[in-house]
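K.L.:
Okay, handing you the structure first.
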Amino acid sequence: MLRRGLDQPVKVLGKGCFSTSTAFQAAAPAVAATSQKGFLSSLFGGSSRVTTPLTEALPGVALPSPAAVPSSAPKTELTTLSNGIKVASENTPGATTTLGIYVESGSVNESPYNKGVSHLLEYLAFKSTTNRSHLRLVRDVEAIGANVLAAASREQMAYSIDVPRTQAAAALEILADAVVNPRLQAYEVKEAAEKLEADLKGLADNPQLALMEALHGAAYWGDLAKPLLAPVGAPGALSAEAVAEFVAENYTAGRIVLAGAGVEHGELVKLAEPLLGGVPAGAGAPEGAPATRAARRACRRRARWTHAILAFELEGGWRSVEASVAATVLQYLLGGGGSFSAGGPGKGMHSRLYRRVLNQHGWVSNCTAVNSIYNDTGLVGIFATAEGQHADALVALLADEVAALAADIADGEDLERAKAAALGSIAMNLESRAVVAEDIGRQVLTYGERKPQSLFVDGIKNLTADKLKKTVKAMLAKPPTLATLGDVAKVPSIESVRAQLK
């Protein structure tokens, strides 16, 4: 036997090894607090060390009361300020708060002379304001332990701040100042444009992102055809005055939502009124009827690979719960991925695109379901990659998969697996306070309210194969759009694709 520490016997298993058996631990007697004095302490008169087992509370330390568990899920509350700005929040429990300002403005609102301004505004977020220099704003953000983020999209602009709950008031003041009072100085616009131009060169190496941009330009007429990613050279051509004019025209009260998660609603409204109440009311966002067309867009590059997306319009978009539910389940039903995945064995291997494409056709290196959903419309399709010599076969394979989807969707294990994956994704994402705040803000912009989670959950649970087939057939009745990148010499015409789908 070997004696250690508090005269507790420990069985020797081998050189340097001691028993960690739970049975042994259970049999060991409880250890009382003891006082030890080491050799040096004894020699120099140092204080003794008190050893208290981890199973006992330290003497003289008051234990905090346990956090109260809410009896029901927090509700989303909605208030409209005097100028029309909507304030929506959910008092989720926890030590942090996420606040976001969401604006119904994006690349769809751009004109030929200010194209790329939405993307540039993402880079200009949280710069100098009429009340702060950029340095002062950064220092104020650091002082409260906050994290800030901005993101542009085709229809909405998002600004958010994550902060400890005790600093919510200071965080809202910083957020409102950054969004409502940007100074947009000429040198800042120039610096942001230079950084954006440099990043755009790197984005050219992302074929799926480049193809999604080309897909929108080919599929849509009008506003949704405008690029979200600023065209090369466009940011540098934008003046500070042009950016300020775009902000003044589009960042109006009727198009702004302040959303919060982890904050008391009444307090948020009280703080928001003086900070946001002065924003001009302005006009609502213009309504435009999206229209799609049959089109093929080929971006030729000297490359070994051919990248392709075959997509169809999803009519209704987010404003149709039935359409958005179908698009979500379709994403998981099709699934897909790369021929090599670093995500671990079995990841997504049961999805249709893995079983029917990647496992059956070794020359396909990537095949993935993609979608882009907007307020009233959307695009749902398949992205795939193969060597250029297989370009014609690759496009034909994509058309076959879409046609087969409309014919052989059936109630059973595949559909139930896709529905379970969709439900799991919703539940997991809504565990994040930042996602909850974003969900509130974007839903209020889209619907004028936040719809209950149960509406989408029940929609997924009640989705049948017949309902999904109906959605897919409605998509196939719309004109297909084909976008390709790389070696496009053998890519077939859009007419041949349409003929194959009939």
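Numbering follows the numbering used here, with no gaps: position 97 of the sequence shown is 148. Note that CB positions come from ideal geometry on N, CA and C, so glycine has one too.
Does DSSP put histidine 358 in a helix, a strand or coil?
P.N.:
strand
K.L.:
Taking lysine 137 as the reference, which of Arg549, Leu327, Lys518, Met526 has the closest Cα?
P.N.:
Leu327
K.L.:
Got a sec? Which residues, its chain only, sit under 6 angstroms from threonine 219 by beta carbon, not counting five neighbours each side?
P.N.:
Checking the displayed sequence, the identity of residue 219 turns out to be alanine instead of threonine. Closer than 6 angstroms at Cβ, skipping near neighbours: Thr148, Val314.
K.L.:
List, from N- to C-terminal side, the alpha helix (DSSP H) runs of 4 residues or more that fit wholly inside the segment 203-235.
P.N.:
Complete alpha helix (DSSP H) runs here, min 4: 219-231.
K.L.:
Of the choices Val189, Arg306, Glu206, Arg205, whose alpha-carbon is the least far from that of isoleucine 212?
P.N.:
Val189
K.L.:
Determine which residues share a DSSP beta bridge with glutamate 141 and list them.
P.N.:
In DSSP, glutamate 141 forms a bridge with Thr127, Ala312.
K.L.:
Just how far apart, CA to CA, sit alanine 473 and serine 371?
P.N.:
17 angstroms
K.L.:
Can you tell me whether leucine 105 is helix, strand or coil according to DSSP?
P.N.:
Leucine 105 falls in the coil class under three-state DSSP.
K.L.:
Whole angstroms is fine: what's the gap from phenylalanine 573's alpha carbon to glycine 388's?
P.N.:
As displayed, the chain neither begins before 52 nor continues past 553, which places residue 573 out of reach and without an answer.
K.L.:
Relative to the C-alpha of alanine 119, which candidate in Pro282, Gly111, Pro144 has its C-alpha closest?
P.N.:
Pro144
K.L.:
With a 10 Å radius around its C-beta and 16 neighbouring C-beta atoms as the bar for buried, classify arginine 187 as buried or exposed.
P.N.:
exposed
K.L.:
So the candidates are Ala291, Leu132, Leu150; which of them puts its Cα closest to the Cα of lysine 321?
P.N.:
Comparing Cα-Cα distances from lysine 321 to each of Ala291, Leu132, Leu150, the minimum goes to Leu132.
K.L.:
DSSP state of threonine 497, grouped into three classes?
P.N.:
helix
K.L.:
Under three-state DSSP, which class holds leucine 175?
P.N.:
Here leucine 175 carries a helix assignment [DSSP, helix/strand/coil].
K.L.:
What are the complete alpha helix (DSSP H) segments, minimum 4 residues, inside the segment 493-543?
P.N.:
The alpha helix (DSSP H) runs of length 4 or more contained entirely in the segment 493-543 are, from start to end of the chain, 504-512, 516-527.
K.L.:
Does DSSP classify valine 486 as helix, strand or coil?
P.N.:
helix
K.L.:
Assuming isoleucine 360 and valine 421 make a contact with CB atoms under 8 angstroms, what is their CB distance in whole Å?
P.N.:
6 angstroms
K.L.:
Give me the DSSP bridge partner(s) of leucine 150.
P.N.:
Leucine 150 is bridged by DSSP to Ile212, Gly311.
K.L.:
Give every residue of the same chain whose Cβ lies closer than 8 angstroms to the Cβ of leucine 524, excluding the five residues on either side of it in the sequence, and list them in chain order.
P.N.:
Note that residue 524 is lysine in the sequence shown, not leucine. So the list reads Ala457, once near-sequence residues are dropped.
K.L.:
Let me know if threonine 103 comes out buried or exposed under the rule of 16 or more other beta-carbons within 10 Å of its beta-carbon.
P.N.:
The residue is exposed, with fewer than 16 neighbouring Cβ atoms inside 10 Å.
K.L.:
DSSP on tyrosine 425, reduced to helix/strand/coil?
P.N.:
coil
K.L.:
The beta strand (DSSP E) that contains glycine 388, what's its start and end?
P.N.:
Membership of glycine 388 in the beta strand (DSSP E) is indicated by the continuous run 387-389.
K.L.:
List the residues that DSSP assigns as beta-bridge partners of threonine 379.
P.N.:
DSSP, once it has assigned bridges, lists no residue as partnering threonine 379.
K.L.:
Quick one: grab the DSSP three-state call for alanine 83.
P.N.:
Interpretation of alanine 83 is limited by its pLDDT of 47, a score under 50 that renders its predicted location unreliable; the figure taken from the coordinates is listed afterwards. Three-state result, alanine 83: coil.
K.L.:
Smallest Cα separation from valine 486: which of Ala209, Val230, Glu324, Pro543?
P.N.:
Ala209
K.L.:
By the three-class DSSP mapping on this structure, what secondary structure does tyrosine 302 have?
P.N.:
coil
K.L.:
Look at the alpha carbon of valine 38 and the alpha carbon of leucine 514, and state the distance between them as a whole number of angstroms.
P.N.:
Given a span of 52 to 553 for the chain in the structure shown, any question on residue 38 remains unanswerable.
K.L.:
Return the Cβ separation of alanine 378 and valine 431 in integer angstroms, given the expectation that the two are a contact with Cβ distance under 8 angstroms.
P.N.:
6 angstroms
K.L.:
Should arginine 355 be labelled buried (16 or more other beta-carbon atoms within 10 Å of its own) or exposed?
P.N.:
exposed
K.L.:
I believe tyrosine 24 touches lysine 246 by the beta-carbon criterion, under 8 angstroms. Please report the beta-carbon distance rounded to the nearest angstrom.
P.N.:
An answer regarding residue 24 cannot be provided, because it is not within the stretch 52 to 553 covered by the chain.
K.L.:
Quick check on alanine 119: does DSSP put it in helix, strand or coil?
P.N.:
coil
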